[in-house]
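One line per chain: the protein sequences are A and B, in this order.
Under the working numbering, the first residue of the first sequence carries the number 413, and numbering increases by one thereafter.
Under the working numbering, the first residue of the second sequence carries the number 413, and numbering increases by one thereafter.
Idealized CB from N, CA, C, for every residue including glycine.
From a predicted model like this one, the values you see are computed outputs, not experimental measurements.
2 protein chains.
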Amino acid sequence: MRRKTIKDVAQEAGVSIGTVSAVLNRRDSVRLVTRKRVLKIMDSLNYRPVEAARRRLGSPREKTLGLVVKEIHNPYFADIIVGAQEEARKHDFRLLVMSSEQVFSREVDAVRVLVAKDIDGLIINPLLELGTLSSHFQDLEANNIPFVMIEGLSGDVSTASVVDIDNERGAFDATMHLLEAGHTELVHLAGPKYSQHSSERSAGVLRAAPGARIVHAGATLEDGFNAVRDQLKGCSFTALVCYNDLVAIGAMRQLMDQGLLVPKDVSIVGFDDIDVASYLGVPLTTVRIPKREMGRQAAAIAIEQIHSTEDSKSRRILLDAELIVRSSTRKR
Amino acid sequence: MRRKTIKDVAQEAGVSIGTVSAVLNRRDSVRLVTRKRVLKIMDSLNYRPVEAARRRLGSPREKTLGLVVKEIHNPYFADIIVGAQEEARKHDFRLLVMSSEQVFSREVDAVRVLVAKDIDGLIINPLLELGTLSSHFQDLEANNIPFVMIEGLSGDVSTASVVDIDNERGAFDATMHLLEAGHTELVHLAGPKYSQHSSERSAGVLRAAPGARIVHAGATLEDGFNAVRDQLKGCSFTALVCYNDLVAIGAMRQLMDQGLLVPKDVSIVGFDDIDVASYLGVPLTTVRIPKREMGRQAAAIAIEQIHSTEDSKSRRILLDAELIVRSSTRKR
DNA sequence: AATAATATTTGAAACGTTTCAATAAATTGA
DNA sequence: TCAATTTATTGAAACGTTTCAAATATTATT
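See the structure below:
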């Protein structure tokens, strides 16, 4: 059955479509008796206006920011999202979130969809695809949509601003903390091979402890658990510097399963300071990333660029990561 | 500056708007040289088609599902999102996520924005606002947008389908597990007062143990931590049934701070089975919710309704929750 | 070179609304 | 009752696209 339109209502009510539209928009120019008749017809015809057709020039557009994250299923990104959302709301912007789930083609796709949905600005936590330099970013530039990268190479796209943290420094501090505690046999459980953050953190670890053993674990609980079980089998070490807290927690679990105690036998440092880190049986020593602040700043920059008329210069903001010492590390 | 339209592109490229439209829609009737010229003009003019105007029968719109969650910063919802996204992608739908952050006005707002962005269907995890019966839901019905509620009263909105789990049963099972282990002094750390899930779970606890003490904690790590510290001060109990895993973890931390051991002195059961639950120092006994499956089913229903022409009847799907016994509970 | 076949482009109608100047109807004041 | 006001309604233009039959250009065949 054909969908009922404003025209059907008008005809049935013996009235013009202009009048029906007036009723629809609650304009007070309609006589009560007419309004009632129209409303009754609308009801009996089960009429529903087609939202898309109502949108016209001059009708108030929603101000929206898009946010594409690599992995929505990760407390680290959750905090970034919350921070971005808070800041956006302050400026009366809404936040539309999409996740690429670590798949590059989905990242490209997400950007395309958000652009089609008419966002005013974009925050993206990009996957690093060497070689495939970013046709979707060029798209954004072409469409004049300001965008801000969270964790990304600044040289990547000239017009993009970047908000990031000093990973190298954070990892350096964490490693120094272990060295100062007398540890000499260090293992670094690194993250995904192509992660920008991971390589920066590895660099920090190596600057402090050039002899540290590097093992590529990954970014999840399971990755940490498996890495210790498989890759560190029979290997002697007294301290672990982990890519992030999840890996640290996974590693800790595996050590316990092997009958080793943290921090008595092995000290562990994480990275991120996710909420649960301080609630663990052995509260985790970790490098705190100001996650909300990153989201907040990224949104602030995007909105500022939306409002500014001239081409704003791209910025690079580097926030500090701070070592938080809890109970998972101990003097040797 | 006026927004560029297809007309501007056509004029600039010396071609009809029909041709530009053909280029836009990748119809292969356009000569290569023409296509290239048009694309170049589009680029130089920063042209973006207005999505709303494309909404016509048979036109190639982006197929999108909106998803509004109460709290993006919660591993429970994260899993639901991932499940919904997986299913959506199977059917070539994209998922736009917004979070109400537990604020009712934001939920209403999020729905409005998503509708304005022309989504095809909506999945919502609604806040329970008694009395304010859902003008935004009526809006959805008015716009003929199928929507599915995750965790919600089915009577709430007649046309909505609901995907939920059997909370009462899950909580009952968890409580029985403790009773069978010989516990008699039970405390139930309930969730937020207005939460549907929380009251269903409380009902399950009380059915198994009518004498259980009920304390309203909340839904976060901190809530669990504080509830045990403040509301259970000096209170004697040997087992805790918690609203969710986060509360359980928070409670466990506080007990440890008080020198109590889990499960030796106190047994604890959580709810949800978030990822980290099995990696804790004391792996958590909990009631597993098929979170991804919930998201998956919700998306599947929404998409089915989008595709079906006639008014589809609303459905109510109740998934089972399963008790997973780990180490945080013990015979007394 | 003429015709037929095919490929490309055009132009106008359609989509379902809102807007607003013009008109019609109702009300007021005398 | 008549004009002057005020209030209510109309009808057509606009919004930015897609669609599709018709017109035109190109290529192939003879």
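Checklist entry - Within the 9 angstroms Cβ cut-off, does Thr-596(A) reach chain B? => result no
Item to check | For Ser-610(B), the three-state DSSP class (helix, strand or coil) | outcome: It is helical.
Item to check | Selection of the stretch 477–494 of chain A by Cβ proximity to chain B, strictly under 8 angstroms | outcome: Listed by position along the chain: Ile-484, His-485, Asn-486, Pro-487, Ala-490, Asp-491, Ile-493 and Val-494.
Next on the checklist: Which residues does DSSP list as the beta-bridge partners of Met-561(A)?
Outcome noted: Ile-536(A) and Val-574(A)
Item to check | Reduced DSSP category for Glu-519(A) - H, G, I as helix; E, B as strand; rest coil | outcome: helix
Checklist entry - Should the stretch 436–446 of chain A be called in touch with the stretch 491–499 of chain A, which here means at least 3 C-beta pairs below 8 angstroms? => result No, the stretch 436–446 of chain A is not in contact with the stretch 491–499 of chain A.
Checklist entry - Below 9 angstroms between beta carbons: does that hold for Ala-663(B) and Phe-683(B)? => result no
Item to check | Anticipated Cβ contact below 8 angstroms, Gly-594(B) with Arg-744(B), distance rounded | outcome: Right, the Cβ-Cβ distance comes to about 4 angstroms (below 8 angstroms), so this counts as a contact.
Item to check | Any C-beta of chain A under 9 angstroms from that of Ile-661(B) | outcome: yes
Checklist entry - Assuming Ile-577(B) and His-600(B) make a contact with CB atoms under 8 angstroms, what is their CB distance in whole Å? => result Contact doesn't hold; Cβ gap of about 18 angstroms is too wide.
Checklist entry - Going along the chain, which unbroken runs of the alpha helix (DSSP H) with 4 or more residues stay wholly within the stretch 587–638 of chain B? => result 608–620 and 633–638
Checklist entry - So what does DSSP say about Thr-417(A), is it helix, strand or coil? => result Under the three-state reduction of DSSP output, Thr-417(A) falls in the coil class, being neither helix nor strand.
Checklist entry - Buried or exposed: where does Lys-529(A) fall if 16 or more other Cβ atoms within 10 Å of its Cβ makes it buried? => result Counting Cβ neighbours within 10 Å, Lys-529(A) comes out buried, since at least 16 surround it.
Next on the checklist: Which residues in chain A have a C-beta closer than 8 angstroms to the C-beta of Leu-633(B)? List them in chain order.
Outcome noted: Asp-687, Val-688 and Tyr-691
Checklist entry - Any idea if Glu-592(B) is buried or exposed, counting beta-carbon neighbours within 10 angstroms, 16 or more meaning buried? => result exposed
Checklist entry - Just how far apart, CA to CA, sit Glu-424(A) and Leu-436(A)? => result 16 angstroms
Item to check | Asn-537(A) versus Val-520(A): straight-line alpha-carbon distance, rounded | outcome: The alpha-carbon atoms of Asn-537(A) and Val-520(A) are separated by roughly 12 angstroms.
Checklist entry - Does the beta-carbon distance from Tyr-606(A) to Leu-540(A) come in below 9 angstroms? => result Yes, Cβ-Cβ distance for Tyr-606(A) and Leu-540(A) is below 9 angstroms.
Checklist entry - Do Val-681(B) and Leu-590(B) have their C-beta atoms closer together than 9 angstroms? => result yes
Checklist entry - How long is the line joining the alpha carbons of Lys-452(A) and Val-432(A), rounded to whole angstroms? => result Using only the alpha carbons, I get a separation of about 12 angstroms.
Checklist entry - Is any beta-carbon of chain B found at less than 9 angstroms from that of Thr-544(A)? => result Low confidence applies here, because Thr-544(A) scores a pLDDT of 47, under 50, leaving its location unreliable; read the following figure in that light. So, not an interface residue.
Checklist entry - Excluding five sequence neighbours on each side, which residues of the same chain lie with their C-beta closer than 7 angstroms to the C-beta of Arg-518(B)? => result In the same chain as Arg-518(B), and ignoring 5 residues on each side of it, the C-beta atoms closer than 7 angstroms to its own belong to Ser-512, in chain order.
Item to check | Three-state class that DSSP yields for Ser-720(A) in the structure shown | outcome: coil
Item to check | Simplified DSSP assignment, three categories, for Leu-545(B) | outcome: Residue placement at Leu-545(B) cannot be trusted, given a pLDDT of 49 that sits under 50; what the coordinates show is reported in the next sentence. Coil.
Checklist entry - Going along chain B in order, which residues have a C-beta closer than 9 angstroms to the C-beta of Val-527(A)? => result Arg-460
Item to check | Cβ shell of Leu-477(B) (< 8 angstroms), same chain only, five flanking positions each side left out | outcome: For Leu-477(B), where only same-chain residues beyond five positions count, the Cβ hits under 8 angstroms are Ala-496, Ala-500, Phe-505, Arg-506, Leu-507, Leu-508, Ile-531, Asp-532, Gly-533, Leu-534, Ile-535, Ala-711, Ala-714 and Ile-715.
Checklist entry - Does the beta carbon of Leu-507(B) come closer than 9 angstroms to any beta carbon on chain A? => result yes
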